[in-house]
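Numbering (the working numbering), first residue to last: 281 to 1001. Cβ coordinates follow ideal geometry from the N, Cα and C atoms, glycine included.
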Ligand SMILES: [Zn+2]
């Protein structure tokens, strides 16, 4: 599950990366003094989310006009009067009609993508050859695929009935990306089958051990030509091996005639059959080898990918022109609010909206451009901090204010260029062409084209919530230098989960170390409390549901059970929100501490071997792997916004980092306190007998993490992934 999630992220990251490359291509090349051209560095994007509201809704701004919602007052039943008196501001942001229209737009989109996929996957050889072509193709997938007769827009009425031409391009791009991802996965699968069928020892390792050995993963990755020789390729190979192990487990269980529901127990059972002392080991190995041979001969039975997406990506658009199917305009009446219009596909009728170029095919929303007010607020806070003598905080806030200001400007530039190109188009269409206006518009557009603008957005529908994700260009060197000044980065930092505190950060500058212990006690405690509540409620509800199912099977669940379900969902929403908050706080502290000490590279313990620390079981700040992943992602995001490469954040294997001395590299022991030299597992301190010195275990581990990359031989802690 987490693996899948990670792969999705990987693909998504790749996709933004791809786009940033294409933007660079259309950019003008910069000329150096000696007349040679240099290609500007590729750009990175920061994606910000905006919640879409129905057009006639009043957007609730923070701390303004907020009143308690009568629906949620628990102490007394609200009477009818209150409902009529208090205007409803909380609750759904988009009304039912808009949600339905957007839902049918997504339906059409999904239908088109699946139609294309079904046509491609009818023929296996075609999947092979198209996948191969796409993997070698440099441009956008749709430019290659639209040449095919059965995928072409002009020649297919079924496709025309579902979407307009630009939306078709997006859909085809989507189908192309899905095909490429699936093809790469199939290649990896075949490589894994080949590797395992050639060596019985590898197959045994895979089935017997809990963790999949990293050298096996690396060999599978290297055996496949289309897998990338990097971290992403590693994670994809790991995912493929996990799935292959699942398929093998299923086969073995079936042959044994054993039925086990739960995946964890299935795994334990199969692993137990393969212990050296068990008589059935040979038979199981034979079964496995035979199955692998069958797959190698006849091919593995892959499923056809099918889209069930609730997102709409406009990224196949090359330019923010109205034809792309979305249109921004600034609301002239309400401050800082932007109207967002979507063009509906054929067969779905929207409402006419004044500022929309799509006439009756419009679906309109509005969102708050909070960036300009955030600029002002952060600016005031920065002044405040400066007055109080906290210059680091002031600098931090200054930078954030400048970044938001820049993003706001990017959005405004995007809107302006959209409107100007549209007007130019209209002027050109008119009979008595106005030459003067045309040239004026043309020059303005050219000017805007070289300015900073946001990239095409993405729409996401989750439940009743619609969010618009806009990728903004990360602050450029000029802006960073203006706010933070010229900087040289040299130091390195290591981040580890601690025993005393959730996160320990250690920075190495020259030969010196600086540590920062990060606490988020209150939030983590709150999170644990909510999580426990959610688990308890879940088990109660499950029991009730089982009872109901036994007594009245076939009948739908009664109201009180459904209400509990909603309660559980709300609890998990709260927990996820807390997670985001915790990750944000820790990441922000980490990144700015690193900024203060001019850190060039940050190393994190990676997630692969993520297990609870010895002795930390009952501590409330035992961070989950999910949360750890979020922290790393947020740190990466913030580093990028500060002008660092996304590859300045590394994850390393934390093997032995808690048992090795960071000074001499010798194995040491964990002890109870600063005087003791007697080993105690999970003790708070670390003792090295060679140096005869005590360190706090957290600090020692974090310092070790910094060095994992330097020492690649197996005698020293860790190893790079
Ligand atoms: Zn030592």
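query, result
"Near ligand 1: residue 970 beta-carbon under 7 Å from a heavy atom", "yes"
"Cβ-Cβ distance between residue 740 and residue 591 below 8 Å", "yes"
"Three-state class that DSSP yields for residue 749 in the structure shown", "strand"
"Cβ-based burial, residue 980 [other Cβ within 10 Å; buried from 16]", "buried"
"Exposure label - residue 942; buried when at least 16 CB within 10 Å", "buried"
"Cβ-Cβ separation, residue 450 to residue 647 (assumed contact under 8 Å), whole Å", "The Cβ separation is near 21 Å, so there is no contact."
"Bounding residues of the beta strand (DSSP E) (the contiguous stretch that carries residue 593)", "591-593"
"heavy atom of ligand 1 below 7 Å from residue 783 C-beta", "no"
"Where the beta strand (DSSP E) through residue 609 begins and ends", "606-610"
"DSSP beta-bridge partners of residue 774", "786 and 883"
"Close beta carbons around residue 453, own chain, < 7 Å, minus the five adjacent residues each side", "420, 421, 422 and 596"
"Member of 473, 837 and 554 whose CA lies at the smallest distance from the CA of residue 577", "473"
"Uninterrupted alpha helix (DSSP H) stretches inside the stretch 402-433 (no shorter than 4 residues)", "404-416 and 421-425"
"Residue from 521, 985 and 759 with nearest C-alpha to residue 465", "521"
"Ligand 1 heavy atom lying under 7 Å from the CB of residue 949", "no"
"Check: residue 943 C-beta below 7 Å from any heavy atom of ligand 1", "yes"
"Inter-stretch contact at 8 Å, needing at least 3 Cβ pairs: the stretch 495-510 / the stretch 532-548", "no"
"Residue 458 beta carbon less than 8 Å from that of residue 581", "no"
"Distance cut-off 7 Å: residue 954 Cβ against heavy atoms of ligand 1", "no"
"Residue 1002 beta carbon near ligand 1 (any heavy atom closer than 7 Å)", "Nothing in the structure corresponds to residue 1002, since the chain is present only between 281 and 1001."
"Cβ contact check for the stretch 778-798 and the stretch 813-828: 3 or more pairs under 8 Å", "no"
"Three-pair Cβ contact test at 8 Å for the stretch 518-533 versus the stretch 480-491", "yes"
"Alpha carbon of residue 302 to alpha carbon of residue 735, nearest angstrom", "Because the pLDDT of residue 302 is 34, which lies under 50, any placement of that residue in the model is unreliable, and the number read from its coordinates should be weighed accordingly. Answer to the nearest angstrom: the Cα atoms are 11 Å apart."
"Any non-hydrogen atom of ligand 1 closer than 7 Å to residue 959 Cβ", "no"
"Closest residue to residue 526 among 513, 508 and 549 (Cα-Cα distance)", "549"
"Residue 431 to residue 698 span [Cα, whole Å]", "29 Å"
"CB-CB length for residue 754 against residue 880, believed under 8 Å", "With a Cβ gap of about 17 Å, residue 754 and residue 880 do not count as contacting."
"8 Å Cβ cutoff met for residue 629 and residue 374", "no"
"Option nearest residue 517 by Cα separation, candidates 528, 326 and 504", "504"
"heavy atom of ligand 1 below 7 Å from residue 535 C-beta", "no"
"At least 3 beta-carbon pairs within less than 8 Å: the stretch 749-768 vs the stretch 957-964", "no"
"Neighbour-count burial assignment, residue 566, 16 or more Cβ in a 10 Å radius", "exposed"
"Residue 623 - DSSP class collapsed to helix/strand/coil", "strand"
"Simplified DSSP assignment, three categories, for residue 872", "helix"
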